[in-house]
Amino acid sequence: MISLSLYFFIKLYKLYNYNKNHLRIKYIIIIIMSEVITDFKCKICKKYYSGYQSLWIHNKKFHTNNVSSVVTNVSSICSNVSMIDSNVSTCNSNSNISKCKFCLKVFNHRSSKSRHEKYCNQNSNDNTNKLEKIEKENIEIKNILKELLEKNCKIHPKTLQKINKQLINNTNNNCTNIINNVNITNNTIVKFGNEQLASLLKRKDMMKIINKQCLCIEESIKSVHFNKNLPEYNNIFITNMKDTIAYIFDGSKFILTSKDIVINDLYNNHLENIEQFLDEAEVPENKYSKITKFLDSLNDNDKSFIDGSNNDKKYANYKAYKLIAIKNLIYNESDKKLLKKFNSMDLQEKITDVSISEIDG
Numbered sequence: 001m002i003s004l005s006l007y008f009f010i011k012l013y014k015l016y017n018y019n020k021n022h023l024r025i026k027y028i029i030i031i032i033m034s035e036v037i038t039d040f041k042c043k044i045c046k047k048y049y050s051g052y053q054s055l056w057i058h059n060k061k062f063h064t065n066n067v068s069s070v071v072t073n074v075s076s077i078c079s080n081v082s083m084i085d086s087n088v089s090t091c092n093s094n095s096n097i098s099k100c101k102f103c104l105k106v107f108n109h110r111s112s113k114s115r116h117e118k119y120c121n122q123n124s125n126d127n128t129n130k131l132e133k134i135e136k137e138n139i140e141i142k143n144i145l146k147e148l149l150e151k152n153c154k155i156h157p158k159t160l161q162k163i164n165k166q167l168i169n170n171t172n173n174n175c176t177n178i179i180n181n182v183n184i185t186n187n188t189i190v191k192f193g194n195e196q197l198a199s200l201l202k203r204k205d206m207m208k209i210i211n212k213q214c215l216c217i218e219e220s221i222k223s224v225h226f227n228k229n230l231p232e233y234n235n236i237f238i239t240n241m242k243d244t245i246a247y248i249f250d251g252s253k254f255i256l257t258s259k260d261i262v263i264n265d266l267y268n269n270h271l272e273n274i275e276q277f278l279d280e281a282e283v284p285e286n287k288y289s290k291i292t293k294f295l296d297s298l299n300d301n302d303k304s305f306i307d308g309s310n311n312d313k314k315y316a317n318y319k320a321y322k323l324i325a326i327k328n329l330i331y332n333e334s335d336k337k338l339l340k341k342f343n344s345m346d347l348q349e350k351i352t353d354v355s356i357s358e359i360d361g
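First residue of the sequence shown? That's 1 in full-length UniProt numbering, and the numbers climb one at a time after it.
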């Protein structure tokens, strides 16, 4: 009996770890001897860097589809050194154009392309197959747990309940037939993340947002989530700047979630909508050049930012500063009276992980 129980626990542990890690992306980092390189300059955007590692990270992030031997004068110094990766293509005259690898849609901004690929319809088949595989593995885990119980293995009831909840969450989070809206206090609150910004914000709204230039992301967030004319999109609150909690509406109720994660999602969604508008709409050249210069500064993770209005406080980059600014915006704009009503409801904290160590043998 003991050996049989041990066998099932080992199998469960392996399945659990595989299910938890199989969607993670593994990167291969190629390191080149920097002593032979004298000029660390990006061929595409003409920026200089202090070392090869910084240049390689820059090209890996912004010029993924055009990575080659990116350092000038390398051929004269390392003429006898073969290419490390024979599959890496050389830069060409169209290197500033980014295409979706699924539907081949062309984007002017690399960040727009990368965000588009996450939700590309052509990629849905791959996601469906992955979802089906996860669901099959979840069913297999349930069957193993059931078999263990039938063999009188001692698993604490609360631990089993947590595992079942986690399996249900895994299925529900990937289900496409979810009711996103619910009627609360005579207002239909839209699920956070389902705002459909492209159809919600018309050209007039987007031009007003773009005119704010470096404050365009904050203006976009205010226009949707803190607009008195759109109370159904008032689906995010921050009540305390010191803790790590934010309130979001999940389609049926307000729940507690990580403040940093939800702000990062909010930032990405509104930035992607602005970039998509610039790609598709006709914007006057003077406004286009100013806003794209601002967007480029957001994508520069290597350059630090100093806030002169706050005792010269230093941030790792401009994006880090913007995330703090968005956090302050949400806190200041949150409707405290409305939140008080929601606080009287049953707020539940998301179950994010169930440790396999909680299962008692």
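All residues carry an ideal CB built from backbone N, CA and C; glycine is no exception.
All values derive from a computational prediction rather than experimental measurement.
Per DSSP, what kind of secondary structure is leucine 104 in: helix, strand or coil? It is coil, neither helix nor strand.
Which residue wins for smallest C-alpha separation from asparagine 234, given the options Asn269, Leu271 and Ile189? The candidate whose alpha carbon is nearest that of asparagine 234 is Ile189.
Cβ-Cβ separation, glutamine 196 to isoleucine 291 (assumed contact under 8 Å), whole Å: Actually they are not in contact, since the Cβ atoms of isoleucine 291 and glutamine 196 sit about 22 Å apart, beyond 8 Å.
What does DSSP give as the partner residue(s) for aspartate 307 in the beta ladder? Bridge partners of aspartate 307: Lys313.
First through last residue of the alpha helix (DSSP H) which encompasses threonine 292: Element bounds for threonine 292: 285-299.
Contact set for phenylalanine 277: own chain, Cβ-Cβ below 7 Å, skip 5 residues either direction: Counting only Cβ-Cβ distances below 7 Å, and skipping sequence neighbours, we find Met206.
Quick one: is aspartate 260 buried, meaning 16 or more other Cβ sit within 10 Å of its Cβ, or exposed? Exposed, because fewer than 16 other Cβ atoms sit within 10 Å of the Cβ of aspartate 260.
Is it the case that the Cβ atoms of residue 370 and isoleucine 326 are separated by a distance below 8 Å? Outside the modelled stretch of the chain, which goes from 1 to 361, sits residue 370, for which no answer is possible.
Under the three-state reduction of DSSP, which class applies to leucine 230: helix, strand or coil? In the three-state scheme derived from DSSP, where H, G and I count as helix and E and B as strand, leucine 230 is classed as coil.
So for isoleucine 44, helix, strand or coil by DSSP? Three-state result, isoleucine 44: coil.
Relative to the C-alpha of asparagine 332, which residue among Leu295, Asn264, Leu266 and Phe226 is closest? Minimum Cα-Cα distance from asparagine 332 among the listed residues Leu295, Asn264, Leu266 and Phe226 corresponds to Phe226.
Do you know offhand how far isoleucine 139's Cα is from alanine 281's? Between the C-alpha atoms of isoleucine 139 and alanine 281 there is a straight-line separation of about 47 Å.
Using the three-state DSSP reduction, which class does serine 334 fall into: helix, strand or coil? DSSP places serine 334 in coil when its eight states are reduced to three.
Select from Asn273, Ser304, Ser297 and His58 the residue whose C-alpha is nearest the C-alpha of phenylalanine 107. Checked all of Asn273, Ser304, Ser297 and His58; the closest Cα to phenylalanine 107 is Asn273.
Own chain, CB closer than 6 Å to leucine 329, minus 5 neighbours either side, in chain order: Result list for leucine 329: Glu218, in chain order.
Tell me lysine 99's beta-bridge partners as DSSP assigns them. Lysine 99 pairs with Val106.
In the DSSP assignment, what residue or residues form a beta bridge with tyrosine 247? Among the bridge pairs identified by DSSP, tyrosine 247 is matched with Phe237 and Leu256.
Identify the continuous alpha helix (DSSP H) that holds lysine 198 and give its terminal residues. For the sequence presented, residue 198 should be read as alanine rather than lysine. Where alanine 198 is concerned, the enclosing alpha helix (DSSP H) stretches over 197-200.
Does the Cβ-Cβ distance between asparagine 324 and leucine 266 come in under 8 Å? At residue 324 the sequence reads isoleucine, which differs from the asparagine that was named. Not in contact: isoleucine 324 and leucine 266 (Cβ atoms no closer than 8 Å).
With a threshold of 8 Å on Cβ separation, who are the neighbours of aspartate 243 within its own chain once the five nearest residues in sequence on each side are excluded? Same-chain partners within the cutoff: Lys259.
Histidine 225 beta carbon near the ligand GDP (any heavy atom closer than 7 Å): The ligand GDP is absent from the structure shown, which contains no ligands of any kind.
Do residue 368 and aspartate 279 have their CB atoms nearer than 8 Å? Limits of the chain in this structure are 1 at one end and 361 at the other, which puts residue 368 out of reach.
Looking at leucine 295 and lysine 322, is the spacing between their C-beta atoms short of 8 Å? If you check the CB distance, lysine 322 and leucine 295 do not come in under 8 Å.
Just to confirm the assignment, what range does the alpha helix (DSSP H) spanning leucine 55 have? Counting along the chain, the alpha helix (DSSP H) containing leucine 55 begins and ends at 52-62.
Roughly how many whole angstroms lie between the Cα atoms of glutamate 349 and leucine 256? Bear in mind that the predicted position of glutamate 349 carries a pLDDT of just 41, short of 50, making it too unreliable to give a figure here.
How should alanine 316 be labelled, buried or exposed, when 16 other C-beta atoms within 10 angstroms of its C-beta is the threshold for buried? So alanine 316 ends up on the exposed side.
Tell me which residues share the same chain as methionine 241 and place their Cβ nearer than 6 Å to its Cβ, disregarding the 5 neighbours each side in the sequence. Excluding sequence neighbours, methionine 241 sits near Tyr331.
What is the C-beta distance between glutamate 275 and serine 112, in whole angstroms, given that I count them as a contact (C-beta under 8 Å)? The Cβ separation is near 4 Å, so the contact holds.
DSSP beta-bridge partners of residue 364: Since the first and last residues shown for the chain are 1 and 361, residue 364 lies out of range.
Expressed to the nearest angstrom, what Euclidean distance is found between the alpha-carbon atoms of cysteine 45 and glycine 251? One Cα belongs to cysteine 45, the other to glycine 251, and the distance between them is close to 43 Å.
Could you tell me which of Cys120, Asp300 and Lys191 sits nearest to proline 231, measuring between CA atoms? When each option's Cα is compared against that of proline 231, the closest is Lys191.
Select from Ile210, Tyr318, Lys118 and Asp312 the residue whose C-alpha is nearest the C-alpha of serine 289. Among Ile210, Tyr318, Lys118 and Asp312, the Cα nearest to that of serine 289 is on Ile210.
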